[in-house]
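Trainee:
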Amino acid sequence: MDELDSFRCLVCGFIYDPERGDPRRGIEPLTAFEDLPDDYTCPVCGVSVLTQNSAFVRIETAGHACGSYRSSQNGA
Ligand SMILES: [Zn+2]
Numbered sequence: 012m013d014e015l016d017s018f019r020c021l022v023c024g025f026i027y028d029p030e031r032g033d034p035r036r037g038i039e040p041l042t043a044f045e046d047l048p049d050d051y052t053c054p055v056c057g058v059s060v061l062t063q064n065s066a067f068v069r070i071e072t073a074g075h076a077c078g079s080y081r082s083s084q085n086g087a
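Start counting the sequence shown at 12; every next residue gets the next number (the working numbering).
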């Protein structure tokens, strides 16, 4: 089973939930974030979601509290 990851817009806080998609804009439910059309933009603030400077970040699914959590937030 593929786990579809949700993505959050850092600009406005909008969360793209792939299980729901965005039917108002023609995005079928169960559409992975990576499969969104190139011209898809945040429905709230309008930022593009698929540029290299995308403001969207993957939301890690909770449930690893007891495991080895590795942080990858080193900005360098
Ligand atoms: Zn946004």
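The beta-carbon is built from N, C-alpha and C at its ideal position, and this holds for glycine as well.
(1) Which partner residues of residue 26 appear in the DSSP bridge assignment?
(2) Can you give the Cα-Cα distance for residue 17 and residue 26, rounded to whole angstroms?
(3) Sorry if obvious, but does the Cβ on residue 60 come closer than 6 Å to a heavy atom of ligand 1?
(4) Might you give, ordered along the chain, the residues of its own chain that have their beta carbon closer than 7 Å to the beta carbon of residue 113, omitting 5 neighbours on each side?
(5) Which partner residues of residue 38 appear in the DSSP bridge assignment?
(6) Taking only heavy atoms of ligand 1 into account, decide whether any of them is closer than 6 Å to the Cβ of residue 18.
Mentor: Well, looking at it:
(1) Walking along the sequence shown from the start, residue 26 turns up at place 15. The partner list for residue 26 (beta bridge, DSSP) reads 19.
(2) The residue you call residue 17 lines up with position 6 of the sequence shown. The residue you call residue 26 lines up with position 15 of the sequence shown. Taking the straight line joining both Cα atoms gives about 7 Å.
(3) As a first step, residue 60 is located in the sequence shown; it is residue number 49 there, counting from the start. Checking every heavy atom of ligand 1 against the Cβ of residue 60, none is found closer than 6 Å.
(4) No statement about residue 113 is possible, as the shown extent of the chain runs from 12 to 87 and does not include it.
(5) Along the sequence shown, read from residue 1 onward, the residue named residue 38 stands at position 27. Answer by DSSP bridge pairing, in chain order: 33.
(6) Counting from one through the sequence shown, the residue named residue 18 turns up at place 7. Checking the Cβ of residue 18 against ligand 1 gives no.
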